[in-house]
Amino acid sequence: MRKPAAMYRPAEVYRSMPHSSRSLRSLMIFVLAAASAPAVGRAQQIRPEASADVEKANQLRQDLRAMISLARDRVFPALVNIKVITVEYFDGKEEKGQSVGSGTIISREGHVLTNYHVARKGRKFKCTLADKQEVSAALVGEDPLTDLAVLKLELSELKDPGMELPVAEFGDSGELQIGDTVMAMGSPWALSRSVTLGIVSNTERVLAAEEDDAGEMRFDRDQRTGIFNRWIQHDAAINPGNSGGPLVNLKGEFIGVNTRGTFFGGDMGFAIPGNVARAVAADLVEHREVPRSWLGLSLKPIKKSGLKEGVLVNSIVEGGPAEAAGLKAGDVILQIDGAAVTVWFPEEVPPLLKRLADYPIGSTVEVTYQRQSDTQVARIVTDRLKKDRGDEAAFRSWGFVGVDITEQMARDRRLERTDGVLVDSVRSGSPAQLAEPALASGDVLHSIDGVPVDHLAGLIERYDGIMDAEELPEYLLFEFDRLGKSHLTLIKPKPDKDEDPPREVAKAWIGVAVQPVVQKLAEHLGRPDELGFRITRVYPRTLAADSDLKVGDTIVKLDGEPLRPRGMQDAGMFHRKVRKLEIDDSATLTILRAGAEREVAIKLERTRITPEEARRDHNRDFEIIVRDITFFDRDERRWDDDIRGVIVSDVERAGWAQLGGVRPDDLILRIDEFEIGDIGDYRTAMETITQRKPERAVFVVLRGASTHFQYVEPDWSPSAAGAGSSDGNHEE
Amino acid sequence: MGHLGGRATMFVAAMCWWSLGALVPVSAADDKDEFARFLRDKEPPLVTVKFVLKVKMGGAMGGMGDQESDTEITGVMIDPKGVVLCSNTQLGGFAAMMKKFMGRMGGEITATPTDVKVLVGDDVDGVEAELIARDTELDLAWVRIKTPRTEPYAHVDLGEAVKASIGERVFAVHRMDKYFARSAVVAEGRIGGKTSKPRDLYVPAAALAPAMGLPVYTAEGQVIGVMVMQAPDEEDVDADSMAMFGRMSNMQEMMGGFILPAETVDKATRRAMESAEGD
């Protein structure tokens, strides 16, 4: 029996360490000694034996450095930084985002192993390699249950397509022991490549809650994760952005995938063991998925049960293989295929689940179990383990997000069948929400205008057919289930277009900017009686510019009525009084210029359109909103009439325009070969580009005084995407 | 951000205060017949304007992106061919109001009413309509039914208006929302004062806020003006963002509403119609 650690003497602790750790620990002790020695040396005379220690420590320091460098250099070149453009579905709509993570090149063909939660909901991937090349990648496969995914680099984009990619070699994570030194590599907080050093704190960590040792980790209501592996816990610093990066031993072997950390627990990182990762990656590369057996039961450790052996069947899936074989919740499994099984602790559950999942699909598993005092045998024929959560898509013109219903989702929601499309969320103010009754989250759509809706793909096809038709139907009859009741509602499909903002009523206007000349200012200027409004600017291309008005004139009367501002609170007085007059009428301004009073007759013109009222266009392919140039834009930016184009008023976050470097306030001058004069030209150009669906469009924009060429690469693919969403956990 | 968020919160709080003000019960009627007459005579021109308000908030406003909400307000028919007058603030104009209060930062919020419908009488579906013009300065908006019926609509003639005196009793009629069967209700108040800035306005002494955008009548049933919200003109307001807090102290007056004389409304309506034709 092992003694508690506190009872060991230091030497015994040292001996209990694995050999590699012992060597390293020796090195570290000497390094610490060496680090403190010079300080001591300054205060005292150096003894000969102390000098020898310093020399030895220096040597060991160099050895340690060399060891870490060697290990680092075996994996570091294979480390990649991954930028992901994501598409999330919530509130009845899709929204783009950007995230970053890390990955490791595991094959010469360019396969990159990373976390599922890095790649999930990814629409586009860009990987930055060790030599700083940025290369596109595509998703090969993902396995949410282990939180792993494989991408493949687009080798044709390499500067030298024939180059041999650096590849990290897997080590045997089963050999890891507590106290082993490890390095975590990745891109924390999206910073470029970094390495941190630590030791293994635990090799079989499970993250089950204390109060529920059969609990499962989930990304969301439907998607489980981490059920087949125990985690390698270590104290090498990892942060968001490290996710998917390699955990490396001092032999330079890839022995884990850094996946999780904790904000509150200090130095705790959790990595998926390399052995699990290697097997999953092989399946993903070969099959694009991980084929697993499913028995339809969940297990619970017996620690708190009072039982002496076996593992408790915590629940049984209705209609699943275990139930078909006669098992019931509460049974205690004693043997599997003749081998005794006892699961005392939560740490022992994942390996057993993995063992069961690893049976070839369709295998017969002989389970010996105890029910009350009887011992019986069940032969369970395994089924294929299917996806937890279905694909999802946003139906923008109808205003909801729909999800395919998997068997597990149907079970969890007590749905009788998996056909139909689950309404995941509804956009406020959308046709789905304005319908009476409105669609709501949790409804299951079964038919539209009497045509059955079986699955998401069919619904997308139907949606495209309806929305692409020349004429939209006034209403669509939706049949849906809500809590077991069959409902009907009418949805009025809405064209996916934004309306121009409403115009302000035109009023009379004089094209000057003014400031009030208040009493104190007038006194200071030596003209205490000359209150009024001083012209600070005469707008070019206005009737005022054609008149005799000049900057510096003080307007003291309007049509004979004195203008006497009492303070800045009257700053708007002049233009307010002008607005009460009629457009096209004439007004007489009494002005003071160089102490002399004179009258200027001026014709009143219409107030000009403000930027808020300008015609605008929201292009959802490029995710950009532009508007016409207004008079005030020209004035503020000092643009002559020969400058034409449309102003970018907004680009969506992580949208294709933003990713292509187009910014708010840019003036779009040209797109591909189309010169853009105004919003009409822009709409025509975008219609043509949308029909062509090019790989990229070149936006020539004016930014400040310089032109910029921005290359925008829109995604023309359909809007459906794989499932999965954040559960709010901190995942590294 | 935090500072701005605080200001946004204060604005919302003020709006809530205004809404609560709207719940203040009207004073007891001196004459039951008077109220009944108002309901009978003044309800027919009232309509419900339904719309979806699309609000865009920029980063400085919390970056909430697009938000849409299904909304309905009461308007008044002012033309037999289907032109409806309503409160611009209630029809999405609050964004401009916020901009006035929050200076340049407020510019990051835009609100556009879409899918506008007008419900006449006890119609629950509504007919399609469009917002043809708005006057942010006066807090007026004009909605026009796209395909008006051939039979003329009951309407209020703003050209036949009278002036009111301080202390005079005034009345307004508004409709409650769909949860209360859009029933008509009379609100009673008095002219508490007048102001000439930012323009000529009557100041009601009691809350007539439920009738925002709707006509106000004398006891004899003659229209004197329309209830509006008024904020200082942008040019008059300090650019200093901290001045916002000073402005908040005046919000009670602003949110309580003013009566814009019918003459001004009539003139603005003519301009609005000309603008709409011009477009």
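Quick mapping for you: the protein sequence lines, in order, are chains A and B.
So for the first sequence, the numbering used here puts the first residue at -5; every next one is plus one.
So for the second sequence, the numbering used here puts the first residue at 50; every next one is plus one.
Don't be surprised by glycine CBs; every beta carbon is placed ideally from N, CA and C.
Which residues, in order along the region 495 to 511 of chain A, keep a beta-carbon less than 8 Å from a beta-carbon of chain B? Listed in chain order, the positions of the region 495 to 511 of chain A with a beta carbon within less than 8 Å of a beta carbon of chain B are Pro495, Pro496, Arg497, Glu498, Val499, Ala500, Lys501.
Count the other CB atoms, across all protein chains shown, that sit within 10 Å of the CB of glutamine 56 (chain A); report buried if there are 16 or more and exposed otherwise. So glutamine 56 (chain A) ends up on the exposed side.
So who's on the other strand from methionine 179 (chain A), going by DSSP bridges? A:Val189.
Assign methionine 278 (chain B) to buried or exposed, taking buried as 16 or more other Cβ atoms, counted over all protein chains shown, within 10 Å of its Cβ. By the beta-carbon neighbour count (other beta carbons within 10 angstroms, threshold 16), methionine 278 (chain B) is buried.
Endpoints, alpha helix (DSSP H) assigned at leucine 450 (chain A): DSSP places leucine 450 (chain A) inside the alpha helix (DSSP H), whose first and last residues are 450 to 462.
Using beta carbons (cut-off 8 Å, strictly below), is glutamate 269 (chain B) in contact with chain A? For glutamate 269 (chain B), the answer is no, since every Cβ of chain A falls outside 8 Å of its Cβ.
CB contact check: leucine 466 (chain A) to chain B, cutoff 8 Å: It does not: the Cβ of leucine 466 (chain A) has no partner Cβ on chain B nearer than 8 Å.
I'd like the span of the beta strand (DSSP E) that includes lysine 501 (chain A), first residue to last. Note, lysine 501 (chain A): premise wrong, no beta strand (DSSP E); not H, not E.
With DSSP as the reference, label aspartate 675 (chain A) as helix, strand or coil. Residue state, collapsed to three classes: helix.
Nearest-angstrom beta carbon gap, alanine 275 (chain A) and leucine 147 (chain A) [assumed within contact, 8 Å]: Not confirmed; about 14 Å, so no contact.
Find the nearest neighbour of glutamine 509 (chain A) within the set A:Val161, A:Thr604, A:Gln563, judged by alpha-carbon distance. Closest option to glutamine 509 (chain A), Cα to Cα, is A:Gln563.
Cross-chain neighbours of threonine 185 (chain B) in chain A, by beta carbon under 8 Å: Within chain A, the residues near threonine 185 (chain B) are Glu498.
Collapsed DSSP secondary structure at alanine 89 (chain B) in the structure displayed: It should be noted that the sequence gives arginine, not alanine, for residue 89 (chain B). Residue state, collapsed to three classes: helix.
Looking at C-alpha atoms only, which residue of A:Glu669, A:Met680, A:Val692, A:Ile662 is the closest neighbour of glycine 698 (chain A)? Answer by Cα proximity: A:Ile662.
Which runs of the beta strand (DSSP E) fall wholly inside the region 578 to 646 of chain A and span at least 3 residues, in chain order? Whole beta strand (DSSP E) segments, 3+ residues: 580 to 587, 590 to 597, 610 to 613, 618 to 622, 640 to 645.
Rounded straight-line distance, which links the Cα of leucine 321 (chain A) to that of threonine 376 (chain A): Each residue's Cα considered, the two are about 13 Å apart.
Ends of the alpha helix (DSSP H) at lysine 77 (chain A)? Counting along the chain, lysine 77 (chain A) falls outside any alpha helix (DSSP H), though it belongs to the beta strand (DSSP E) covering 73 to 84.
Suppose the cutoff is 6 Å on Cβ atoms and the five residues either side in sequence are ignored; what does the same chain contact list for tyrosine 457 (chain A) look like? Counting only Cβ-Cβ distances below 6 Å, and skipping sequence neighbours, we find Phe389.
Considering only their Cβ atoms, is the gap separating aspartate 261 (chain A) from aspartate 229 (chain A) smaller than 8 Å? Cβ atoms of aspartate 229 (chain A) and aspartate 261 (chain A): closer than 8 Å.
By alpha-carbon positions, which one of A:Leu291, A:Met177, A:Val397, A:Ala426 ends up nearest to leucine 416 (chain A)? Closest option to leucine 416 (chain A), judged by alpha-carbon separation, among A:Leu291, A:Met177, A:Val397, A:Ala426: A:Val397.
Does chain B have any CB closer than 8 Å to the CB of glutamine 427 (chain A)? Taking CB atoms only, glutamine 427 (chain A) has a neighbour in chain B less than 8 Å away.
Where DSSP assigns a beta bridge to histidine 702 (chain A), which residues make up the other side? Beta-bridge partners assigned by DSSP to histidine 702 (chain A): A:Val695.
Proximity winner among A:Glu49, A:Ile670, A:Val371, relative to isoleucine 327 (chain A) (alpha-carbon distances): In this structure, A:Val371 is the residue among A:Glu49, A:Ile670, A:Val371 with its C-alpha nearest to the C-alpha of isoleucine 327 (chain A).
Out of B:Ala230, B:Val132, B:Glu83, which one is the CA nearest neighbour of alanine 325 (chain B)? Relative to the Cα of alanine 325 (chain B), the nearest Cα in the group B:Ala230, B:Val132, B:Glu83 belongs to B:Val132.
Kindly say whether glutamate 117 (chain B), judged by its beta-carbon, lies nearer than 8 Å to any beta-carbon of chain D. Among the protein chains of the structure shown, namely A and B, there is no chain D.
Rounding to the nearest angstrom, what Cα-Cα distance links lysine 77 (chain A) and alanine 124 (chain A) in this structure? Roughly 14 Å separates the two Cα atoms.
Let me see if you follow: with CB-CB separation under 8 Å, is valine 34 (chain A) close to chain B or not? Any reading at valine 34 (chain A) must be qualified, since the residue scores a pLDDT of 36, below 50, and its modelled position is unreliable; the value itself is stated next. By this cut-off, valine 34 (chain A) is not an interface position.
Within a Cβ cutoff of 7 Å, which residues of the same chain sit near proline 431 (chain A), ignoring the five residues on either side of it in sequence? Same-chain partners within the cutoff: His481, Thr483.
Just the Cα atoms here: how many angstroms apart are glutamate 606 (chain A) and threonine 98 (chain A)? Cα-Cα distance, rounded: 49 Å.
Counting only Cβ-Cβ distances shorter than 7 Å, please list the residues of the region 246 to 266 of chain B near chain A, keeping chain order. From the region 246 to 266 of chain B, only Pro247 have a Cβ closer than 7 Å to chain A.
Leaving out five residues before and five after serine 130 (chain A) in sequence, what residues of the same chain have Cβ atoms less than 7 Å from its Cβ? Cβ neighbours of serine 130 (chain A) beyond the five flanking positions: Phe119, Lys120, Glu148, Glu151.
Going by CA-CA distance only, name the one from A:Phe568, A:Ala351, A:Leu64, A:Ser424 that's closest to threonine 120 (chain B). Of the listed residues, the one whose Cα sits closest to threonine 120 (chain B) is A:Ser424.
Segment contact flag, the region 571 to 579 of chain A with the region 618 to 627 of chain A, C-beta cutoff 8 Å, min 3 pairs: When Cβ pairs closer than 8 Å are counted between the two stretches, the region 571 to 579 of chain A is seen not to touch the region 618 to 627 of chain A, the count staying below three.
So that I know if they touch, is there some Cβ in chain A lying closer than 8 Å to that of arginine 231 (chain B)? Cβ-Cβ to chain A under 8 Å: no for arginine 231 (chain B).
7 Å CB neighbourhood of tryptophan 650 (chain A) in its chain, flanking five on each side removed: Cβ neighbours of tryptophan 650 (chain A) within its own chain (closer than 7 Å, five residues either side excluded): Phe616, Glu617, Val706, Glu707, Pro708, Asp709.
Consult DSSP for valine 447 (chain A) and reduce its assignment to one of helix, strand or coil. Valine 447 (chain A) falls in the coil class under three-state DSSP.
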